[in-house]
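Residue numbers (my numbering), protein chains in the order written: chain E, 6 to 154; chain Z, 6 to 154; chain B, 6 to 154; chain C, 6 to 154.
Each residue gets a CB set at the ideal place from its N, CA and C atoms; glycine is no exception.
Everything numeric in this text was worked out from a predicted model, so none of it was measured.
Number of protein chains: 4
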Amino acid sequence: MYEEISNERKAFLVIDYSRGFIEYCQFKAEIIKKGYFQSRVRIEEHHRQQDGFIHAGVMATMADHTAGYSAFTTVSKDFQILTIEFKINFLRPAFGDALVCRSRVIREGSRIVISESEVFDIRGEEETLVAKAMVTLMVVNKEKLVQKG
Amino acid sequence: MYEEISNERKAFLVIDYSRGFIEYCQFKAEIIKKGYFQSRVRIEEHHRQQDGFIHAGVMATMADHTAGYSAFTTVSKDFQILTIEFKINFLRPAFGDALVCRSRVIREGSRIVISESEVFDIRGEEETLVAKAMVTLMVVNKEKLVQKG
Amino acid sequence: MYEEISNERKAFLVIDYSRGFIEYCQFKAEIIKKGYFQSRVRIEEHHRQQDGFIHAGVMATMADHTAGYSAFTTVSKDFQILTIEFKINFLRPAFGDALVCRSRVIREGSRIVISESEVFDIRGEEETLVAKAMVTLMVVNKEKLVQKG
Amino acid sequence: MYEEISNERKAFLVIDYSRGFIEYCQFKAEIIKKGYFQSRVRIEEHHRQQDGFIHAGVMATMADHTAGYSAFTTVSKDFQILTIEFKINFLRPAFGDALVCRSRVIREGSRIVISESEVFDIRGEEETLVAKAMVTLMVVNKEKLVQKG
């Protein structure tokens, strides 16, 4: 259903996906196609709230970041992706051993890309849809982005 | 403009605010009134992206969690607050030394509370509005919530 | 994929769907299943903007209202559905002869229902996805709703 | 607080605001400043639902359209404004004689503008905040927009 992208680009995106805050959150790229990005995190105590449920912020960060990388698969390496906004609904509580996020581009574009993320809670053999997000992304020429830090 | 709440309740909320994933993210409660909650985080390298900007997920998590606690200030201790959904717009890049989040209830209710969060980037003496969120929260009787883990 | 609902309930929902502002907008119910609602509008000049495109407000109203009725198919006749909030992304300009809206419940509940609406632009034989919405709905006991007017 | 814009531009925006679907909905421009737009509608039976409350679609259309025109006040006449997405929370039921919508730009930009709309229900002498929206808008060069119809 989704086209393959080059192994070189895939290798770059796998590494690029897990840096900074995302490395700190331990999210990892899993499956990468043109217009599709899947990520996973093994849940540790620090991903949870005091009541044992996985924190909404973990799911929101994963939904946003993975959506951004689904957009990355549709542009050349001269372009960067920025999140303009996102909206996420939490459908059910998450309390499993891992989360998987599946993001797909629902509207490609040279300036604006729209992606959708579904976050699944992995409970043993089963997976349950626990959150769904719609993400509006902006495509920016890398040269126009000033690096910070 | 905002009423005070009891010192006991305030002390509870300060501690309760910073547990699990939020402790891991190092967000701290700062100012608590009835219908208002302010939090702060000193930015470390692990809050940033590879390009030095503060990650959208940091701002989203802070906006969601602080909005939830603004709702907590309007209910008695028998109730728990859950996020149903939120939407966040990223207005400008954030790259400062700290973030401050100010959340206020814009619609109180016994079942549904709506809060708004504004995230400010602290750059030396100045603060700049970098993200704004609208958060829909559900008030749940604690006894109906099953604890996990 | 979707279960049937009773003919009596269906007949009620068809009529109930097209009243007040929705009648004024000329939206009509088309297909009704448990958890699914489809509506249609034949586009007239008054649905358009000055530039000939169909107005975003037409699509938003259709996405909201049809989502509400998808929730209606999951509750008994003692309950009313209210929109708490929705978010809609406009994916492409719409300029066809009709719009079709397909709404489906993605999270059932006795208090909160979440539905998704997809709006398609009908251009001759083809249909194109032009807008997508996520809608948070509240289930309210009819007796608790005070009638107005 | 808001700067004035030229009378010529204001006169253009007043007329441009109320065309097509918006004329059909009878919304009218009221106050126009740089970064601010206020509109009003006198409520008729066709704006209501069967239960007498004003339809969510009326408020959503007003919030979106007025936000768009708040953005219009920040760009020159060579540019058009398109809605990318919006999110609206319905805070309280609306049942008054008129609605007033106040939209203000919270982030100016040459490509992306973010505006916020507040919809007030006019009940005799009082006004009550009944809905609040955040709207993401795109600035497009008029020459790049193909007219339809």
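Counting contacts by CB-CB distance shorter than 8 Å, is residue i in contact with chain Z?
| i | result |
| --- | --- |
| I119 of chain E | no |
| K92 of chain E | yes |
| G154 of chain E | Because G154 of chain E carries a pLDDT of 44, less than 50, the predicted location of this residue cannot be relied on, and no value is offered for it. |
| Q43 of chain E | no |
| V63 of chain E | yes |
| R116 of chain E | no |
| D102 of chain E | no |
Can you find a C-beta in chain C that's less than 8 Å from the C-beta of residue i?
| i | result |
| --- | --- |
| M139 of chain Z | yes |
| T78 of chain B | no |
| Q31 of chain B | no |
| R47 of chain B | no |
| E14 of chain B | According to the sequence displayed, residue 14 of chain B carries Arg and not Glu. So, not an interface residue. |
| D69 of chain B | yes |
Grab me the residues of residue i's own chain with a C-beta within less than 7 Å of its C-beta, minus the 5 sequence neighbours each way, in chain order.
| i | result |
| --- | --- |
| A103 of chain E | R45, V46, R47, I48 and I127 |
| F32 of chain C | S23, S44, V46, M67 and H70 |
| R53 of chain C | I59 and H60 |
| I111 of chain C | I119, S120 and E121 |
| Q85 of chain C | V145, K147 and L150 |
| R109 of chain B | G40, Y41, S75, S120 and E121 |
| A136 of chain B | M64, A68, I93, N94, F95, L96 and V124 |
| L87 of chain Z | L142, M143 and V145 |
Measuring only between beta-carbons, confirm whether residue i sits less than 8 Å from chain B.
| i | result |
| --- | --- |
| I36 of chain C | no |
| R107 of chain E | no |
| F26 of chain C | yes |
| I111 of chain E | yes |
| L96 of chain E | yes |
| D83 of chain C | no |
If we define contact as Cβ-Cβ less than 8 Å, is residue i a contact residue for chain E?
| i | result |
| --- | --- |
| I89 of chain C | yes |
| L142 of chain B | no |
| T66 of chain Z | yes |
| L150 of chain Z | yes |
| G40 of chain Z | no |
| R128 of chain Z | no |
What would DSSP say about residue i, mapped onto helix, strand or coil?
| i | result |
| --- | --- |
| E49 of chain C | coil |
| V140 of chain Z | strand |
| E123 of chain E | strand |
| T66 of chain C | helix |
| A61 of chain B | helix |
| K149 of chain Z | helix |
| E132 of chain Z | strand |
| I36 of chain C | strand |
| Y22 of chain E | helix |
| Y29 of chain E | helix |
| T88 of chain B | strand |
| R14 of chain E | helix |
| F42 of chain B | strand |
| G154 of chain Z | Annotation note: pLDDT 44 at G154 of chain Z (below 50); position unreliable, coordinate value reported separately. Coil, per DSSP. |
| E75 of chain B | Strictly speaking, residue 75 of chain B in this sequence is Ser, with Glu absent from that position. Reduced to three states, the DSSP call for S75 of chain B is helix. |
Our contact map puts residue i next to residue j with C-beta atoms below 8 Å; I'd like the distance itself, whole angstroms only.
| i | j | result |
| --- | --- | --- |
| N12 of chain C | E90 of chain B | With a Cβ gap of about 38 Å, N12 of chain C and E90 of chain B do not count as contacting. |
| E132 of chain C | V105 of chain C | 7 Å |
| G40 of chain E | T78 of chain E | 6 Å |
| Y29 of chain C | H51 of chain B | 4 Å |
| Q55 of chain B | D21 of chain C | 7 Å |
Below 6 Å CB to CB, which residues in the same chain sit around residue i once its five sequence neighbours on both sides are set aside?
| i | result |
| --- | --- |
| G154 of chain E | Confidence in G154 of chain E is poor, its pLDDT being 44 and thus under 50, which makes the residue's placement unreliable; the coordinate value appears in the next sentence. Contacts found: none. |
| A138 of chain E | A68, F91, I93 and S122 |
| V63 of chain Z | H52 |
| E35 of chain C | Q43, S44 and R45 |
| K38 of chain C | Y7 |
| R14 of chain E | none |
| I10 of chain C | K39 and T78 |
| A99 of chain E | I59, D126 and V135 |
| R107 of chain Z | Q43 and E123 |
| V80 of chain E | V144 |
| A72 of chain B | S108, S120, S122 and V140 |
In its own chain, which residues sit with a C-beta less than 8 Å from the C-beta of residue i, not counting the 5 before and 5 after it?
| i | result |
| --- | --- |
| I27 of chain C | T66 and H70 |
Decide yes or no for the touch test of the segment 133-146 of chain Z against the segment 111-122 of chain Z: beta carbon pairs closer than 8 Å, at least 3 of them. Contact between the segment 133-146 of chain Z and the segment 111-122 of chain Z is present, with at least three C-beta pairs closer than 8 Å.
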